[in-house]
Structure formats: C-alpha cells, structure tokens
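Once you know that position 10 of the sequence shown is 10 in the UniProt record's numbering, the rest is easy, because the numbers rise by one and skip nothing.
Using N, Cα and C, we set each Cβ at its ideal position, and we do this for glycine too.
Please read these numbers as outputs of a predicted model, since none were measured by experiment.
Let me begin by presenting the structure, written as structure tokens, before commenting on it.
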Amino acid sequence: MDVTDFLPQVMEILDEISDDLTDMNAVFQLELKNTQTETYQLKITAGKSKWAEGTPFAATCTIKISVKDFRDLMQGKMNPTVALLTGKVKIQGDRKQLQKLQSILKKHYRDVPEIF
Numbered sequence: 001m002d003v004t005d006f007l008p009q010v011m012e013i014l015d016e017i018s019d020d021l022t023d024m025n026a027v028f029q030l031e032l033k034n035t036q037t038e039t040y041q042l043k044i045t046a047g048k049s050k051w052a053e054g055t056p057f058a059a060t061c062t063i064k065i066s067v068k069d070f071r072d073l074m075q076g077k078m079n080p081t082v083a084l085l086t087g088k089v090k091i092q093g094d095r096k097q098l099q100k101l102q103s104i105l106k107k108h109y110r111d112v113p114e115i116f
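The following block contains the structure:
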C-alpha cells in the first residue's frame, strides 16, 4: 500500500470524527523524502477535510520526513518527540494545530495500516 492508498483511509476516519474537528482551520503539508520528494496536503476547515497531491493550498504547517521514518512514526515505532529532537522530522509553521490533530487522531485511530 502506498500513500495514495493510505490518505483516503485517513479521510474516511476524519469524516467519521468531523465533530471533533469543527474548530480547526489548517492546511497540513506532508513532504515525504525518498529519492524524490512527494508533497501531500490535508486541509481541515470547520470539520470538513480534503487531501490533495502537490501544493494547491497555502500550508499552515509543513512536516518534512523520510518515507521510512514516516512509516515508523505512523506505526508507533518512533517517538514523535525523539524524531523532532534528532531532526528526523522537521516541522515549520503552526505546531499547535498539528498537536491538536495528533491528539484527536490518537483518540480514534489506533490501528495504522502499513503504507509502504
């Protein structure tokens, strides 16, 4: 399964928990580095969510990470704090919205499929 299979699954979950997202207004940009960088965006506005390939929206928070580290992070094999402190993940922009989204997802989304 690749990221384009994984993101629609995340969108289904976000639709199910849209009541928890009503006060969010953010665009999360994910830059996955492998041999090339792939960019994906997740836009959440007033409980509605949308994802896109590329950069059609102005990002409020950008996450830069390698494909392998992203998989490890999503599967719980890597501690997010350690990833930040060691530079395996770099975050630019509004970290509070990212922390809020992470908290909401943890509450509802425990089983993350292997995506790579």
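If you draw a straight line from the Cα of Met-24 to the Cα of Thr-35, it comes to about 33 angstroms.
Straight-line spacing of the CA atoms in Ala-26 and Ala-58 works out to 9 angstroms.
Boundaries of the beta strand (DSSP E) around Phe-28: 25 to 33. With a 10 Å radius around the Cβ and a threshold of 16 neighbouring Cβ atoms, Glu-31 comes out buried. For Ala-83, the enclosing alpha helix (DSSP H) has its first and last residue at 80 to 85.
In the three-state scheme derived from DSSP, where H, G and I count as helix and E and B as strand, Ile-91 is classed as strand.
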